[in-house]
Amino acid sequence: MSDSISADEEDMTQAWALLKDGIQKIHNKDKSDLSFERLSRCAYHMVLHKHGRSLYLRVRDVMKEHLVEKVRDHILQNRDQNLLSKVNQAWGDHQTAVAFINAILTYMNYAYVKTAGVESVYNLSLILFRDEIIYYSKIRNRLRDTLLGMIAEDRSDKATNHGLACKNVCQVLIALSIDSRSVYEDAFEKPFLAQTASFYRLESQKLLAGNNLSEYLKQVHRCCFDEKVRVVSYLDEGTVPRVVRVVKDEMITKHSSAIRAMGNPSAVYMIKNTKMDDLARIYRLFARLKEEGVKVIADTMAKGLFKENENNKENPIALVEGLFDLKDHFDQFLHRSFNNDRLIANGISLDFDHCLNLNNKLPECLFLFIDNRLKRVGKGVSEQEIENIFDKTMVLFRFLRDKDEFMAHYKAHLAKRLLLNRSVLDGCEKDLVSRLTNECGRLFTAKLEGIFKDMSSSDIINHEFKTCINNNKLSLVGVKLTVEILTTGYWPIRTPTPNCNIPSAVREGFEIFKKFYLSKHSGRKLTLQPQLGLACIDAVFYDRKMEIDKDKGGFGSSLSSSTNDCIIATTTRKHMLIVSTFQMCILMLFNNRQIVTYREIQQETNISERELRRALQSLLMGKPHQCLLVRHSKTNTNDIEATDEFRVNDAFVSKFRKVKIQTVLAAEDLKAESKETKAKLYEDRKHHIEAAIVRIMKVKKRLPHNTLVSDVMSQLTSHFLPSPVSIKKRIEGLIEREILARTAEDRNAYAYLA
Numbered sequence: 001m002s003d004s005i006s007a008d009e010e011d012m013t014q015a016w017a018l019l020k021d022g023i024q025k026i027h028n029k030d031k032s033d034l035s036f037e038r039l040s041r042c043a044y045h046m047v048l049h050k051h052g053r054s055l056y057l058r059v060r061d062v063m064k065e066h067l068v069e070k071v072r073d074h075i076l077q078n079r080d081q082n083l084l085s086k087v088n089q090a091w092g093d094h095q096t097a098v099a100f101i102n103a104i105l106t107y108m109n110y111a112y113v114k115t116a117g118v119e120s121v122y123n124l125s126l127i128l129f130r131d132e133i134i135y136y137s138k139i140r141n142r143l144r145d146t147l148l149g150m151i152a153e154d155r156s157d158k159a160t161n162h163g164l165a166c167k168n169v170c171q172v173l174i175a176l177s178i179d180s181r182s183v184y185e186d187a188f189e190k191p192f193l194a195q196t197a198s199f200y201r202l203e204s205q206k207l208l209a210g211n212n213l214s215e216y217l218k219q220v221h222r223c224c225f226d227e228k229v230r231v232v233s234y235l236d237e238g239t240v241p242r243v244v245r246v247v248k249d250e251m252i253t254k255h256s257s258a259i260r261a262m263g264n265p266s267a268v269y270m271i272k273n274t275k276m277d278d279l280a281r282i283y284r285l286f287a288r289l290k291e292e293g294v295k296v297i298a299d300t301m302a303k304g305l306f307k308e309n310e311n312n313k314e315n316p317i318a319l320v321e322g323l324f325d326l327k328d329h330f331d332q333f334l335h336r337s338f339n340n341d342r343l344i345a346n347g348i349s350l351d352f353d354h355c356l357n358l359n360n361k362l363p364e365c366l367f368l369f370i371d372n373r374l375k376r377v378g379k380g381v382s383e384q385e386i387e388n389i390f391d392k393t394m395v396l397f398r399f400l401r402d403k404d405e406f407m408a409h410y411k412a413h414l415a416k417r418l419l420l421n422r423s424v425l426d427g428c429e430k431d432l433v434s435r436l437t438n439e440c441g442r443l444f445t446a447k448l449e450g451i452f453k454d455m456s457s458s459d460i461i462n463h464e465f466k467t468c469i470n471n472n473k474l475s476l477v478g479v480k481l482t483v484e485i486l487t488t489g490y491w492p493i494r495t496p497t498p499n500c501n502i503p504s505a506v507r508e509g510f511e512i513f514k515k516f517y518l519s520k521h522s523g524r525k526l527t528l529q530p531q532l533g534l535a536c537i538d539a540v541f542y543d544r545k546m547e548i549d550k551d552k553g554g555f556g557s558s559l560s561s562s563t564n565d566c567i568i569a570t571t572t573r574k575h576m577l578i579v580s581t582f583q584m585c586i587l588m589l590f591n592n593r594q595i596v597t598y599r600e601i602q603q604e605t606n607i608s609e610r611e612l613r614r615a616l617q618s619l620l621m622g623k624p625h626q627c628l629l630v631r632h633s634k635t636n637t638n639d640i641e642a643t644d645e646f647r648v649n650d651a652f653v654s655k656f657r658k659v660k661i662q663t664v665l666a667a668e669d670l671k672a673e674s675k676e677t678k679a680k681l682y683e684d685r686k687h688h689i690e691a692a693i694v695r696i697m698k699v700k701k702r703l704p705h706n707t708l709v710s711d712v713m714s715q716l717t718s719h720f721l722p723s724p725v726s727i728k729k730r731i732e733g734l735i736e737r738e739i740l741a742r743t744a745e746d747r748n749a750y751a752y753l754a
């Protein structure tokens, strides 16, 4: 026969004969002399000449005939132990044959199947295999019994080697379901689950009779685990949740009364001793009984939380770390033992909130903890560790009722950290402020963001200033000047500004900068804030062996960038001292004299007595080789006296090129700062409460007292929780200023006037 068949010569009967013969040979694995191109053309012309339906039905009949007369008989001729392998083999052969047949009938799938709304050739082949092989009663029953028998043998610990064959058959059943699990469920899963229920009904009775509650729960866990492994090894993994549900129903739900009668182990003991697994088993037990059972667990967790919180420390750092550990501890219970149960999670959250806010010092303690950690960045604490600390801090911050108190303390010390250690802390501080903004809104952190804006603007100004100096060849007398422009209102700037006579070289440099800045920003005023400044001084320390030019009166160590020609030393030690502005003013006095009295320092620097004593104490601190100054007192008292004399400590030694001198803060100074911060906070709260009252009354116009108080508390609760008494006082203040008035008909209601 010619390889090509013209449309005129085509005889549909002959075309079908060729196709039928080809399909049968494909089923019989006799494809050696077949021309798939020729068969495809036959199918194409039959569909093209409106014989698509006839072709479709005839193909169906040929495939069905092969399954019924050959495949079915071949499977039934084998014993049960070979049944699974024969089914798997038949399925594999069927899939291979259908792949070839489907390729030959591609045009029919495209042109006829879509328009006629019938199953594709591939899906048709699945339906035929399902109906004629799997659903054929003799095969179906033997297949089900064989699979269930193998599962029963595995449960009785009899060794089997049919795991792969079982799993493959189950995958055949899934494939035959066509986008569902119906064939698998009907042919096997439902009988399997019924067999499982029957098995564990008897097993649970045996285990309950011979074990206490704790051991029984372990056995339940073991049985569930065994069934999971069995299903994964033998069956379809989608059966896992269903078989576990059956096991738990038979072993727990149907024995709820007996389990309760066996007694409930002490969950408090388990919490105290971190018995995660035991608590998990208890939780799973009660979770399957009733929701009241989960509530029992939640109440027990609350007791454990209060018990552990009693161990909180007085030290702020230890207290916050203890709260971190406590939260982590109970979060572990929640995740590992209680499956993140919503009821238990809500209970822990409410109880943790109550525990935290029992301590009215917590906002300040949390700030002190952050301040402590930020100061240690680059000194053993990495930025990644700071990230982790911030994550934990925000968890505690969300529980704070007085968030504004934390913010007040944080803002008061943010400036110091940034100005004293800017390059290290900038990124960390911005990260924390960003988190606070996300949590409380931009209005809450507006001043903090203003601080960072000032720092950024200062960078630009300083760059422009340096360019101006270089272009105009101006001299700053050996001073490298960096000026931070701080906006009043953003920064904790003290009023009035502390007095301080800045050394002439620094003062001249500042005056040059001031002239430059005001030329760009007319109308502004620049005021030096010495209490916030920082200086880096080049210091040269000499051995004791030296010559002194008595005519010039110079002697001792040099604390400037230039040395004195009259000093001849065998060795020198050079350091860069990082000091406060006040400390710089004191140290620079020793460039032209050996000994300076307290009165002389006070007169020449004009520093207030409180700040001067604090600066001197910082320079006197440390071991004999660590302090920068040496004090000689006529009274031999620890307190600095007006008659005391000071000189540079020539024995000063440090292994570091840069030496940072910390400013000493006495306990009373810290208390005073904290008290001042709180006083300002309480004053700010008055304004916030009044603003909230006015906002509400502008909209509502008239409100009863209790409703207004409730609305104000609701509006401010994200920042702090005002007391009804404080709200009442602010209402009375607004009435006095004639912004509000009591209504004539109800003296406990208010009307908006302004």
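Numbering follows full-length UniProt numbering, with no gaps: position 606 of the sequence shown is 606.
Just so you know, even glycine gets a beta-carbon here, dropped at the ideal spot from N, CA and C.
- Judged by DSSP secondary structure, L143 falls within the alpha helix (DSSP H) whose first and last residues are S137 to R155.
- A contact is defined here as three or more CB-CB pairs under 8 angstroms, and the segment 531-540 fails this definition with respect to the segment 639-647.
- If you draw a 10 Å sphere on the C-beta of V377, you find 16 or more other C-beta atoms in it, and that means buried.
- N315 and L368 have their C-alpha atoms roughly 10 angstroms apart.
- Judged by DSSP in its simplified three-state form, F646 adopts strand.
- Straight across, the Cα-Cα distance linking M276 with K327 is about 15 angstroms.
- Contact holds between the segment 575-590 and the segment 652-666, because three or more Cβ pairs, one in each stretch, are under 8 angstroms apart.
- With contacts defined as CB atoms closer than 7 angstroms, T487 and D459 fail to qualify as a contacting pair.
- With distances taken between CA atoms, K416 lies nearest to P530 out of V62, Y44, P530 and S710.
- The residue from M697, G533, L534 and E511 with its alpha-carbon nearest to that of K525 is E511.
- Assigned with DSSP and collapsed to three states, I578 falls in strand.
- Following the DSSP letters along the chain, one finds T597 inside the beta strand (DSSP E) bounded by residues I595 to T597.
- The closest CA to that of F656, considering only L208, Q89, T717 and R573, is found on R573.
- Counting every other CB atom within 10 Å of its CB across the protein chains shown gives E69 a total below 16, marking it as exposed.
- In this structure, the straight-line span from the alpha carbon of E508 to that of L476 is close to 7 angstroms.
- Secondary structure note for V395: it is in no beta strand (DSSP E), and the uninterrupted alpha helix (DSSP H) holding it is E383 to F399.
- Counting only the Cα atoms, I271 lies some 37 angstroms from S156.
- Looking from the CA of L366, the closest CA among L619, E611, L57 and I317 belongs to I317.
- By the Cβ rule, the segment 166-186 counts as touching the segment 123-136, because three or more pairs are nearer than 8 angstroms.
- Per the coordinates, the alpha-carbon of I502 lies some 41 angstroms from the alpha-carbon of G441.
- Contact between the segment 180-197 and the segment 244-253 is established, with three or more Cβ pairs separated by less than 8 angstroms.
- Taken in chain order, the complete alpha helix (DSSP H) segments of 4 or more residues contained in the segment 189-250 are 190-210 and 213-234.
- Put simply, of N109, L67 and R593 the residue whose alpha carbon is nearest the alpha carbon of Y135 is L67.
- The secondary-structure analysis by DSSP pairs W491 across a beta bridge with T488.
- Residue pairing by DSSP puts V659 in a beta bridge opposite L577.
- Counting of Cβ neighbours within 10 angstroms places T445 among the buried residues, the total reaching 16 or more.
- Nearest in C-alpha terms to D11, of all of A615, V172 and H49, is H49.
- Sequence-distant partners of Y122 (beyond 5 residues in either direction) whose C-beta falls short of 8 angstroms from its own C-beta, in its chain, are V98 and N102.
- Close CB contacts of P191 within its chain, under the 8 angstroms cut and outside five residues either way in sequence, are with R144 and L148 (chain order).
- Between S633 and P498, the gap from beta carbon to beta carbon reaches 7 angstroms or more.
- Remark: C-beta atoms of L34 and G52 do not approach each other more closely than 7 angstroms.
- Counting only runs of 4+ residues, the alpha helix (DSSP H) found wholly inside the segment 603-642 occupies 609-620, in chain order.
- For F406 against P363, the beta-carbon gap comes to about 4 angstroms, under 8 angstroms, which counts as contact.
- The three-state secondary structure of V118, taken from DSSP, is coil.
- When DSSP states are grouped into helix, strand and coil, A651 belongs to the coil group.
- Within the same chain, no residue comes within 7 angstroms of D73 by CB-CB distance, once the 5 residues on both sides are set aside.
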